[in-house]
Structures are given as C-alpha cells and as structure tokens.
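S.K.: Position in the sequence shown (first residue = 1) + 1 = my numbering.
No residue lacks a Cβ here, since even glycine has one placed at the ideal position from N, Cα and C.
Predicted, not measured: the structure shown is a model, and the values here were computed from it.
Pasting a structure below so you can have a look.
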Amino acid sequence: MRPAASTRLFTNRLLVPVAERDGIRIGWAEQGDGVPLVLITGVGGAGSAWWRLLRHLPPTVRAITLDNRGTGASDPVAGRFFGLDDLAGDVVAVMDAAGIARAHVMGSSLGGIVAQPLALEHRHRVASLILASTTGAGFRGGPPWRLLGAGALRPLVGTARSEELLASALYAAATLREHPERVAEDATVRDAAPLDPRTVAAQLLAVAPHNALPRLWSLAGMRVTVLHGAQDAVVSPDRARELAAAIPAARLVIIERCGHAMTTDAEEATADAVLEHLACHGTASSSRAA
Numbered sequence: 002m003r004p005a006a007s008t009r010l011f012t013n014r015l016l017v018p019v020a021e022r023d024g025i026r027i028g029w030a031e032q033g034d035g036v037p038l039v040l041i042t043g044v045g046g047a048g049s050a051w052w053r054l055l056r057h058l059p060p061t062v063r064a065i066t067l068d069n070r071g072t073g074a075s076d077p078v079a080g081r082f083f084g085l086d087d088l089a090g091d092v093v094a095v096m097d098a099a100g101i102a103r104a105h106v107m108g109s110s111l112g113g114i115v116a117q118p119l120a121l122e123h124r125h126r127v128a129s130l131i132l133a134s135t136t137g138a139g140f141r142g143g144p145p146w147r148l149l150g151a152g153a154l155r156p157l158v159g160t161a162r163s164e165e166l167l168a169s170a171l172y173a174a175a176t177l178r179e180h181p182e183r184v185a186e187d188a189t190v191r192d193a194a195p196l197d198p199r200t201v202a203a204q205l206l207a208v209a210p211h212n213a214l215p216r217l218w219s220l221a222g223m224r225v226t227v228l229h230g231a232q233d234a235v236v237s238p239d240r241a242r243e244l245a246a247a248i249p250a251a252r253l254v255i256i257e258r259c260g261h262a263m264t265t266d267a268e269e270a271t272a273d274a275v276l277e278h279l280a281c282h283g284t285a286s287s288s289r290a291a
C-alpha cells in the first residue's frame, strides 16, 4: 500500500500529488507500477518534458517525474535562494511521498547535476544512475548564455522568439532541418507550463559552484550510464567523457546526430539506452518505503 500523498489544485484543474520539504511544495506524477525510475529534468523544465521517453517505458517501470522548483505544479521560486543540496533534497522528498525507498535515477542536464549529490549524499536511496547531457563540474567552458537569455527574454519577446533562440542550442542540425515538427511539439509542451525568468536564474546559480569530479570515485560499485549527444552545443561531449572517466566502470554512450535535447533528437536510441540500463537490474531495486 502506497502512503497517501497530499494534493493541490493545478492550473489545468487537475489534482496532482505534491511532496513538501521545508515549506516548499514539489509537484510530481507517476506512470506504471514496478521498478521505480525517478526522472529529473533540466533548466526551466517541468516533469512533462519527459513525455517522449515515457511512451517507451513498459508498465513494469514505475516512472516518477517531478517538477523542479519554480516549474509546473511546484511552488514558484519567488526570490528564494537555494542550492544543489536543496534540489537533491526535493527529489528525496518526492521519493518519500511516493513511498519509494530506493530507485533508479535519471537526470538530464541540470537534472544530471542534481542526481550526482543525490547519489553521493543519499546513496542508499539510489539503485543506479543515468546521467544525460550533463557535466561533473558546473559551468566549465562558460555558462549557457543562450539558455539564460532565452529564459529571461521570454516575457519581453514572446514564446515564439524565445523558442527560436533556444532551438539552435538545444537541437541537432538534422532535427532542425528534417523534423521541425518535433521542435514545435517540444515548444507546445514548454508553453503549457509558463516559466518565471527568475526560475532559470535561480537554478543556474544553484548549479554554478558544482564540482563533483573529485568525489565521484566513491560511486564505485553503482551502475552508471553516461548518455550524451555528439552534437550537444550546451554541454560539450568532452564533459561527458570527463564525467564517465571519473566514475569507476561507468558506461559511456555517445549518440550521433544528437544534440542537448536527446529524447527529441534521438528518441529511440535514447530510450534503448535507458531500457538497456534498466534491464541489467531487473527488479532488484523495486523496494518501497515502509
């Protein structure tokens, strides 16, 4: 029996479960029933950003998506300062609310950065890691200025123009050229969850000092897959190689013709890599909190 989770009214008039931590409410959702997989999305993204991957997961995977602070059904940032430990703590709070003692964790971009202290500080809660489009050391190579600018300018220039600014950073050239409809679908999903520019700034400030590289050796014995697009213009593939090298026995998967938005540029290849990772564990980590 899963513990009851509190709910609150969201803008589309659907009641969604929320976890509470230090007075902050974090919205989350679930799909399937079985091996738990917690999905942490990137800068400014709500849990809905995982929709392409979710349709590839079998019903035997209990996928938990959460809305990072300031996105989706979660409380707005509203000038609050927070750090990486807070973001990792939000994930633990969601797992507690969902009655999950231990789960596989996948983080993309900012979510991959959050997943690292989560695994380091709460190792007993993490069965394995998938780190996608991410880095072990903050803004090495410089901040993602285009992401910052697009987020900050959205209220001034409108969604359409801000999406244009984002597109060349997020997507591979082949996707922009051959599949503009996929980019448009992503924009529609993002547009359904209005974003306060302060959220992007606060999230990036939280991850700026991140440097887990000297500590990642302690994840020895944990299965870790590092996924990255060969054409990622936000986080260089070199950062993925550096990250994988810092984690003993980590598996590195570089996907060709793929940029930062992996589930859009290479949906099937990304899903295959995730499913292969999970298949190595079977149901070993499906335990729930008492």
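(1) Helix, strand or coil for Met223 per DSSP?
(2) Can you find the residues in the same chain that come closer than 6 Å, C-beta to C-beta, to Gly28, ignoring five residues on each side of it along the sequence?
(3) With a threshold of 6 Å on Cβ separation, who are the neighbours of Val227 within its own chain once the five nearest residues in sequence on each side are excluded?
(4) Quick one: measure Cβ to Cβ for His298 and Ile114, integer angstroms, because I've assumed they're closer than 8 Å.
(5) Buried or exposed, going by whether 16 or more other CB atoms sit within 10 Å of the CB of Leu157?
(6) Judging by CA-CA distance, which residue of Ala79, Leu58, Gly100 and Glu182 is the nearest neighbour of Ala275?
(7) Put Gly71 into one of helix, strand or coil per three-state DSSP.
(8) Do you know offhand how far Val235's Cα is from Gly90's?
(9) Who are the near neighbours of Leu38 in its chain, counting only those whose CB is closer than 6 Å to its CB and skipping five residues on each side?
(10) Name the two residues that bound the continuous beta strand (DSSP E) containing Ala267.
(11) Which residue comes first and which comes last in the alpha helix (DSSP H) that contains Trp52?
(12) Output the boundary residues of the beta strand (DSSP E) element that contains Gly1.
(13) In whole angstroms, give me the CA-to-CA distance for Pro60 and Ala267.
(14) Using three-state DSSP, classify Gln232 as helix, strand or coil.
(15) Does Pro198 come out as helix, strand or coil in the three-state DSSP assignment?
(16) What is the residue span of the alpha helix (DSSP H) that Arg240 lies within?
(17) So, helix, strand or coil for Glu21, using DSSP?
(18) Please list, in chain order, all residues of the same chain as Arg199 whose beta carbon is under 6 Å from its beta carbon, the five residues on each side excluded.
(19) What do you reckon, are the CB atoms on Arg53 and Thr189 nearer than 8 Å?
(20) What did DSSP end up calling Thr189 once you bin it into helix, strand or coil?
(21) Mind checking which residues open and close the beta strand (DSSP E) that includes Ala128?
M.R.: The structure says:
(1) coil
(2) Val17, Val19, Asp68, Gly73, Ala74 and Ser75
(3) Leu132, Ala241, Leu244, Ala245, Ala251 and Leu253
(4) For residue 298 there is no data in the structure shown, the boundaries of the chain being 2 and 291.
(5) With a pLDDT of only 49 at Leu157, under 50, the local geometry of the prediction cannot be trusted, and the value read off the model is given with reservation. With fewer than 16 Cβ atoms within 10 Å of its Cβ, Leu157 is classed as exposed.
(6) Before going on, a small fix: residue 275 reads as Val here, not Ala. Minimum Cα distance to Val275 is reached at Leu58.
(7) coil
(8) 26 Å
(9) Val62, Ala64 and His105
(10) Here Ala267 belongs to no beta strand (DSSP E), and DSSP marks it neither H nor E.
(11) Trp52 to Leu55
(12) In the structure as shown, the chain begins at 2 and stops at 291. Residue 1 is therefore absent and cannot be evaluated.
(13) 22 Å
(14) coil
(15) helix
(16) Pro238 to Ala247
(17) strand
(18) Val78
(19) no
(20) helix
(21) Val127 to Ala133
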